[in-house]
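Trainee: I have a structure here, written as structure tokens, and I will follow up with some questions on it.
Residue numbers (this note's numbering): 26 to 98.
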């Protein structure tokens with residue numbers, strides 16, 4: 026929630042993809058498998074930028090959002 030709020034506050038309109046299951050359980054859902062493929066871990070949130078760069082962890086996403094406000098539309 027912190028990451029999403031920070032992105033919105035910075036003027037971004039992120040596409041949210043919900044993944045189900047717990048990080049401590051086996052990756053049975055497609056969403057958790059994709060998170061693991063992108064980051065090597067099953068923990069969310071994960072931000073995937075348009076250029077393919079992956080940012081994981083709420084704190085890192087909040088920092089990125091504050092440093093990269095959306096430009097005028």
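Ideal placement from N, C-alpha and C gives every residue a C-beta, glycine not left out.
Could you tell me how far apart the beta carbons of residue 87 and residue 31 are, in whole angstroms, since I believe they sit closer than 8 Å?
Mentor: Contact holds; Cβ gap of about 4 Å.
Trainee: In whole angstroms, give me the CA-to-CA distance for residue 53 and residue 46.
Mentor: Roughly 8 Å between the two C-alpha positions.
Trainee: Where residue 82 and residue 71 are concerned, what is the direct C-alpha to C-alpha distance, given to the nearest angstrom?
Mentor: So the two alpha carbons sit approximately 6 Å from each other.
Trainee: What does a CB cutoff of less than 7 Å around residue 67 pick up in its chain, not counting 5 residues either side in sequence?
Mentor: Excluding residues within five positions, the ones whose Cβ falls inside 7 Å are 48, 52, 57, 60 and 61.
Trainee: With burial defined as no fewer than 16 other Cβ atoms inside 10 Å of the residue's Cβ, what is the status of residue 55: buried or exposed?
Mentor: Exposed.
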